[in-house]
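Chemist:
There are 4 protein chains.
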Amino acid sequence: MYSFKNDYSEGAHERILNALIKTNYEQTDGYSTDEYTENAKALLKKKMCREDADIHLLVGGTQVNLTAISAFLRPHQAAIGADTSHINCHETGAIEATGHKVITTKTDDGKLTKELIQRVLDSHESEHMVQPKLVYISNSTELGTLYTKSELVELHRCCTENNLLLFLDGARLGSALVSEENDLTLEDIANLTDAFYIGGTKNGALFGEALVICNDALKEDFRYYIKQKGGLLAKGRLLGIQFEELFKDDLYFELARHANEMAILLKNALREKGYKFLTNSSTNQQFPILPNNVVKMISEKYSFNIERIIDEDTTAIRLVTSWATKKENVIEFIEYLKCI
Amino acid sequence: MYSFKNDYSEGAHERILNALIKTNYEQTDGYSTDEYTENAKALLKKKMCREDADIHLLVGGTQVNLTAISAFLRPHQAAIGADTSHINCHETGAIEATGHKVITTKTDDGKLTKELIQRVLDSHESEHMVQPKLVYISNSTELGTLYTKSELVELHRCCTENNLLLFLDGARLGSALVSEENDLTLEDIANLTDAFYIGGTKNGALFGEALVICNDALKEDFRYYIKQKGGLLAKGRLLGIQFEELFKDDLYFELARHANEMAILLKNALREKGYKFLTNSSTNQQFPILPNNVVKMISEKYSFNIERIIDEDTTAIRLVTSWATKKENVIEFIEYLKCI
Amino acid sequence: MYSFKNDYSEGAHERILNALIKTNYEQTDGYSTDEYTENAKALLKKKMCREDADIHLLVGGTQVNLTAISAFLRPHQAAIGADTSHINCHETGAIEATGHKVITTKTDDGKLTKELIQRVLDSHESEHMVQPKLVYISNSTELGTLYTKSELVELHRCCTENNLLLFLDGARLGSALVSEENDLTLEDIANLTDAFYIGGTKNGALFGEALVICNDALKEDFRYYIKQKGGLLAKGRLLGIQFEELFKDDLYFELARHANEMAILLKNALREKGYKFLTNSSTNQQFPILPNNVVKMISEKYSFNIERIIDEDTTAIRLVTSWATKKENVIEFIEYLKCI
Amino acid sequence: MYSFKNDYSEGAHERILNALIKTNYEQTDGYSTDEYTENAKALLKKKMCREDADIHLLVGGTQVNLTAISAFLRPHQAAIGADTSHINCHETGAIEATGHKVITTKTDDGKLTKELIQRVLDSHESEHMVQPKLVYISNSTELGTLYTKSELVELHRCCTENNLLLFLDGARLGSALVSEENDLTLEDIANLTDAFYIGGTKNGALFGEALVICNDALKEDFRYYIKQKGGLLAKGRLLGIQFEELFKDDLYFELARHANEMAILLKNALREKGYKFLTNSSTNQQFPILPNNVVKMISEKYSFNIERIIDEDTTAIRLVTSWATKKENVIEFIEYLKCI
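Protein chains in written order, with our numbering: chain A, 1 to 340; chain B, 341 to 680; chain C, 681 to 1020; chain D, 1021 to 1360.
1. How would you write the range of the beta strand (DSSP E) that Lys1169/D sits in, first residue to last?
2. Please confirm whether Pro755/C has its beta-carbon closer than 8 Å to some beta-carbon of chain B.
3. I need the boundaries of the alpha helix (DSSP H) containing Leu1037/D, first residue and last residue.
4. Would you check if the segment 1259 to 1276 of chain D and the segment 1238 to 1246 of chain D touch, i.e. whether three or more CB-CB distances between them fall below 8 Å?
5. With DSSP collapsed to three states, give me the class of Gly920/C.
6. Is the CB of Ser372/B under 8 Å away from at least one CB in chain C?
7. Taking its Cβ as the centre, do 16 or more other Cβ atoms sit within 10 Å of Asn260/A, making it buried, or is it exposed?
8. Quick one: list the residues of chain B neighbouring Gln131/A, beta-carbon separation under 7 Å, in chain order.
9. Counting only Cβ pairs nearer than 7 Å, list the residues of chain C close to Gly1228/D.
10. Does the beta-carbon of Ser1199/D have 16 or more other beta-carbons within 10 angstroms, so that it is buried, or is it exposed?
11. By DSSP, does Arg119/A sit in helix, in strand, or in coil?
12. Using a Cβ cut-off of 8 Å, pull out every chain D residue sitting near Asn704/C, in sequence order please.
13. Leaving out five residues on either side along the sequence, give the residues of the same chain with a beta carbon under 8 Å from the beta carbon of Glu1174/D.
14. Let me see if you follow: with CB-CB separation under 8 Å, is Ala557/B close to chain C or not?
15. For Ala1060/D, which residues of its own chain have a beta-carbon under 6 Å away from its beta-carbon, when the five flanking residues on both sides are left out?
16. Is the segment 75 to 85 of chain A touching the segment 137 to 155 of chain A, taking contact as three or more C-beta pairs under 8 Å?
17. Buried or exposed: where does Gln118/A fall if 16 or more other Cβ atoms within 10 Å of its Cβ makes it buried?
18. Would you please state the rounded distance, in angstroms, between the beta carbons of Ala535/B and Ala408/B? I believe it to be under 8 Å.
19. Identify whether Ile409/B lies in helix, strand or coil by the three-state DSSP scheme.
20. Taking the beta carbon of Ala897/C as the centre, do at least 16 other beta carbons fall within 10 Å, making it buried, or is it exposed?
21. Please state whether DSSP places Tyr342/B in a helix, a strand or coil.
22. Is Arg223/A close to chain D? Criterion is C-beta to C-beta, closer than 8 Å.
23. Which of the residues in the segment 391 to 421 of chain B, read from start to end, lie with their CB under 9 Å from any CB of chain C?
24. So which residues on chain B does His1120/D lean against when the C-beta distance must stay under 9 Å?
25. Compute the distance between the beta-carbons of Thr145/A and Thr279/A, then report whether it is under 8 Å.
26. Would you kindly work out how many angstroms separate the C-alpha atoms of Tyr982/C and Gly1256/D, rounded to a whole number?
27. For a contact defined as C-beta to C-beta under 9 Å, what are the partners of Gln286/A on chain B?
28. Could you work out which residues of chain B lie near Glu1147/D, taking near to mean beta carbons separated by less than 8 Å?
29. Can you tell me the Cα-Cα spacing of Thr708/C and Ile735/C, whole angstroms?
30. Using CA coordinates, which residue listed in Lys1067/D, Cys1069/D, Ala1073/D and Leu1077/D is at the minimum distance from Glu1055/D?
31. Flag Thr107/A as yes when its Cβ comes closer than 7 Å to any non-hydrogen atom of the ligand GTP, and as no otherwise.
32. Looking at the secondary structure, which residues open and close the alpha helix (DSSP H) in which Gly1194/D lies?
33. Tell me the DSSP secondary structure of Glu1327/D in three-state form.
34. Rounded to whole angstroms, what's the CA-CA distance from Glu771/C to His1120/D? Just pull it up for me.
35. Pick helix, strand or coil for Lys907/C, following the three-state DSSP scheme.
36. The beta strand (DSSP E) with Lys473/B in it runs from where to where?
Below is the structure:
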């Protein structure tokens, strides 16, 4: 049964595997002190036009989030996130396990705004409450939506004015940046956030996320934190080789573009059938709202996740495409859809 | 410059890479719920003759240690380890960061004994002190030494009598089990410990450690802990594929035997030159004690770690071999040694 | 300026002070191993008809909550509380600082119900989310409301059915138990919760809270946790002496009855003036909703806390009475109210 | 049976009780924002000639240590202490429970030296190990010994040169400062440490320790940490009243002088009988080394703690005097000693 469950159902892009094979017997230093990691960092810094950024390659998103957030916050400080945020919903309390509260707020579409942040600040002004300090956003969000440049500029301003850190979870940053509706560049992200990560696992790598720290105040001793949290990979070169391959040319973005193209094909087909969506997503996660009998029929041939029960008769599902999604499978799905 | 620095300087054995390539485009469920992981677990359980064991595949040793120890202990409980133990020396306080003290004791050779454990218990009998609860040992140890079966039986008995858990860090378990001087089997380890892990990273895998939980009381909800600590790999199948390959036949042990053979060649050569060793190791880490000028000369052609300053003129170094160590490089080293 | 700000503005009831004076030069063992503490425990066990309960005397409410909750939960487990709960609002993330998430839910009146709990359980069924395990309620609540016996029985049943622990914060338990509208006894509380505490600080003691653990599974090694969290008072006898005095006869409940009487006088006067209340409280916290100009005028003569802004023109304030509230001050307030 | 077990067997000095009685019905703000606390802080700042110090009044020593150390350290940082230090031996891993390792070193007499510190620094130079950052010393030490001014100056210099914080646990600071052999003033302590606390519990107060933070970098948001760790006393005025009474004149030091005088009487008597001591203490803890039969006989009439087994026949015990020790009980003990 073909799966549209997520963007980590397959291994890696062939060029990634080839790079690993090619370098396999070379001896390198461990713990990300190898030259592939250095090369990868240099490529990334160049791409974001920030020679001063500190970059750390880690294995997975939850690992990055808990390591970064616990490193950036003082004990009494908390993170602010949407109630749909990954750190609130899908990390088994990883942030709280490091001692920090996650203050959540309802959003329309998975995105934070300066008004929502201000509301949190206004209700946390006492020393008898945690001190909000880090704003956590994802781009694209858990609901497939995007931040426009002006939205991110506004968040950045709000954070600067209120002495907050802005941290962007880029597990699906590739898909966000190549979206038709996107007007942000990687350089913008680096300039408008205090730290963010570029997701590799969901975009062609076997595994890997590149944490970028732009704010000088957050850089010191970061490798200690990675090791302490169990995230310093012995064969760190594996991360360097993969990110080098993804960023030596346009591969990272090509793979994301493919994922988005497949998603838009699905989106258009669903739209033509008259279905509405939970959010208007232009990225690789689509959330059509379907009658339950349609959901059932699709589930007979395809795997996918249920996103939300809308009412007795209707359910929003999640369809995810990736670098690995074959067009033929998408076409087949669309054809099947027509029959239902 | 050839490196004898550690056993994680290269990628993976060719069969591992081929297995990853072969399965690359297959869609699997994430987070280690895939069938490769199931297969790998079945193979491991069979090999250790423990159908009842719970097995979890994680990415790295520090991750395993901090996840397991913090899961197994109640807040007031502590781990006991040798002062040379990995959790005390090389994990940047990963265990303490989860809230638990590591009580250390000096040892002769990196190995704990029931006497050393008893001494710790005798000095921790008050509720004003942490309650020792878990005994942490490594096999092979950080100093290359091994536990014999009777030693492990004695430790097991000591732990049982004192209501302690016995946890074995098997980062280099392969090398230990195939050592000429070893009389333990994988089945023994499973029967004599409450939990242990089988190291993949240092023995042919790209990355990966198989945590085996034999004590029923420690099994419940373990996957929650892995996720909470950031260790639940999205593409968990990568771990399953690797461990399946390592254990479908004798590959894991073949690779370890090779590493040991290379180490013994080095050991014999060093011994013939009249050098003594920090410990009498029969595994893939050798610790020759050398005059400083010899250390200097070796360092002009080879990379290795300094283990310990013995005195003004003498230093103990660490030479590590692995599945990837080419015999020709070992021979070359031995020849070079003869000239110095 | 007279203060209705809270119930901890004064020292202690005169009998408490006298008991401390009387016993002052007696030598006792430290850390709550003294005979006064033993007597106090015996009196409490008798009063709640639970000879099998374990009782620990601690200094303050936040200390009790963080020590108990972190002791009762495994790392992946979370507490459920009302969004108005003390652990969510007024403890500077003390629970999260021990590693545990607090899952909150909106309530009408500060009280949890089985429906609200079920909703939390239904949305936390995955190992990628924390596992709800402890239900935290306060009696009286932060909004002055009470649980009736049937409500507590229902919560108890819900928790038992769902394998949850029920923990009751009794910072103001005295006021709750003597309320005209209360039908619970101390014995009921002991039988319907897994653990709870009896607040002394807010009811006549200089300081002190008595944590009662009824569930056998939660008792083991509890003193270790108290010490580890910094809560084991060296001169523990001070807690024993105070609780002995409060419970050797009816003093604890007398003091609470006085507090409630004063509160009801205020409540009736405010009601007569036509004011509504945020909640219908029969305990020592009253939450009248007043026009802002009235709030201003009251503030010229009295201290009190603002509870909530209702709209542009209206604010809910909090008036708190205690064992120390003099009737003359209450009468004076009522008279002043008539003029405004 | 008279007890020389510790210096917290009795309540408080009569002036403390009187002050509490006198102020009992006054309404004050809570959480240490009252004017008594302000007065106490002013008195302390004056006494140490540091108007710029931040002072926080907490309830007990373990609470101070865990709150301060976890506030002052970043996650990867550790404290250094003697193996006899309170944080290593008598706090049930309170520091580790906040996530930080305590690196210990053997000492002769409970005192750290720059050489011992340097040895720790030399063995912790890798990012794979915790980063030593805070040096924890007690004055007087757990073994009754003192730091001279030149010793503290040297430690201060060592810490400054190595970018370490120097934290002094002053649970028995009174006894240290009034010792015949002491040449430090309170002002010196304030100038030579980054933070320290003045112990009240063991020197005449019912409870209470005054944490003094001199290093500006450590001051920010400290009240948040106190609340988060459960240490912010609701009736904070109780601490203010007690410290005001202790420091409005010479009471604090008078009480300590009395304790020391009693200790010296015991010391001289024991010395005259030819007994040796574990340490040469001039403060209120004395550690005579006695034949076991003598220990037994003393134990028939007096309570005291066993400090250390010296050999089969000899034991070092601990005798503690305090502000409450009656001279007549000391004389009686001395007389009894003569008969044994």
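The beta carbon of each residue, even a glycine, is placed where N, CA and C say it ideally should be.
Modeler: This is what the structure holds:
1. The count along the fourth sequence starts at 1 and reaches residue 1169/D at position 149. No beta strand (DSSP E) holds Lys1169/D; the alpha helix (DSSP H) holding it covers Lys1169 to Glu1181.
2. Residue numbering aside, residue 755/C sits at position 75 when the third sequence is read from its first letter. Closer than 8 Å to some Cβ of chain B, the Cβ of Pro755/C qualifies, so yes.
3. In the fourth sequence, residue 1037/D corresponds to position 17, counting from 1. Note, Leu1037/D: alpha helix (DSSP H), Glu1034 to Thr1043.
4. no
5. For the purposes of this step, residue 920/C is identified with residue 240 of the third sequence, where counting begins at 1. Helix, per DSSP.
6. To locate residue 372/B, count along the second sequence from 1; it is residue 32. Not one chain C Cβ lies under 8 Å of Ser372/B.
7. Locating residue 260/A in the first sequence gives position 260, counting from the first residue. By the neighbour-count rule (16 or more Cβ atoms within 10 Å), Asn260/A is buried.
8. Translated into the one-based positions of the first sequence, residue 131/A becomes position 131. Result: empty, since nearest Cβ-Cβ is about 22 Å, beyond 7 Å.
9. For the purposes of this step, residue 1228/D is taken as the residue at position 208 of the fourth sequence. Near Gly1228/D there are no residues of chain C at all, since even the closest Cβ is about 10 Å away, more than 7 Å.
10. Along the fourth sequence, read from residue 1 onward, the residue named residue 1199/D stands at position 179. Buried, by the Cβ-count rule.
11. Residue numbering aside, residue 119/A sits at position 119 when the first sequence is read from its first letter. In the structure shown, Arg119/A sits in a helix (DSSP, three-state: H, G or I).
12. Counted from its first residue, the third sequence places residue 704/C at position 24. Result: Glu1030, Gly1031, Ala1032, Glu1034 and Leu1037.
13. In the fourth sequence, the residue the question calls residue 1174/D occupies position 154. Hits under 8 Å: Thr1133 and Lys1134.
14. In the second sequence, residue 557/B corresponds to position 217, counting from 1. Ala557/B does not count as touching chain C.
15. If you number the fourth sequence from 1, residue 1060/D lands on position 40. Closer than 6 Å at the Cβ level, and outside the excluded window around Ala1060/D, lie Gly1260, Phe1263 and Glu1264.
16. yes
17. Translated into positions along the first sequence, residue 118/A becomes position 118. When all chains shown are included, Gln118/A counts as exposed.
18. What you label residue 535/B is simply residue 195 of the second sequence in a count that begins at 1. What you label residue 408/B is simply residue 68 of the second sequence in a count that begins at 1. Sure, about 6 Å apart at Cβ, within 8 Å.
19. Residue mapping note: residue 409/B aligns to position 69 of the second sequence, counting from 1. Three-state result, Ile409/B: helix.
20. The residue you call residue 897/C lines up with position 217 of the third sequence. Ala897/C comes out exposed.
21. Locating residue 342/B in the second sequence gives position 2, where the first residue counts as 1. Of the three classes helix, strand and coil, the one that applies to Tyr342/B here is strand, per DSSP.
22. Translated into the one-based positions of the first sequence, residue 223/A becomes position 223. Answer yes: the Cβ-Cβ gap between Arg223/A and chain D drops below 8 Å somewhere.
23. Ser410, Ala411, Arg414, Pro415, His416 and Gln417
24. On the fourth sequence, residue 1120/D is found 100 positions in, with the first residue counted as 1. Going along chain B in sequence order, the residues near His1120/D (Cβ under 9 Å) are Gly433, Glu436 and Ala437.
25. Looking up residue 145/A in the first sequence gives position 145. Looking up residue 279/A in the first sequence gives position 279. Yes, they are a contact pair.
26. Position 302 of the third sequence holds residue 982/C. Position 236 of the fourth sequence holds residue 1256/D. Near 21 Å, if we compare the C-alpha coordinates of Gly1256/D and Tyr982/C.
27. Within the first sequence, numbered from 1, the residue matching residue 286/A stands at position 286. Going along chain B, no residue has its Cβ under 9 Å from Gln286/A, so there is no contact; the nearest lies around 18 Å.
28. Taking the first residue of the fourth sequence as 1, we reach residue 1147/D at position 127. Simply Thr432.
29. Counting from one through the third sequence, the residue named residue 708/C turns up at place 28. Counting from one through the third sequence, the residue named residue 735/C turns up at place 55. Approximately 19 Å, taken between the alpha carbons.
30. Along the fourth sequence, read from residue 1 onward, the residue named residue 1055/D stands at position 35. Glu1055/D has its Cα closest to that of Leu1077/D, out of Lys1067/D, Cys1069/D, Ala1073/D and Leu1077/D.
31. As for the ligand GTP, it is missing from this structure, which has no ligand bound.
32. Taking the first residue of the fourth sequence as 1, we reach residue 1194/D at position 174. Where Gly1194/D is concerned, the enclosing alpha helix (DSSP H) stretches over Leu1193 to Leu1197.
33. By one-based count along the fourth sequence, residue 1327/D stands at place 307. Correct three-state label for Glu1327/D: strand.
34. One-based indexing of the third sequence puts residue 771/C at position 91. One-based indexing of the fourth sequence puts residue 1120/D at position 100. Using only the alpha carbons, I get a separation of about 22 Å.
35. Within the third sequence, the letter at position 227 stands for residue 907/C. Helix.
36. Here residue 473/B corresponds to residue number 133 of the second sequence, with the count starting at 1. Its beta strand (DSSP E) spans residues Gln471 to Ser478.
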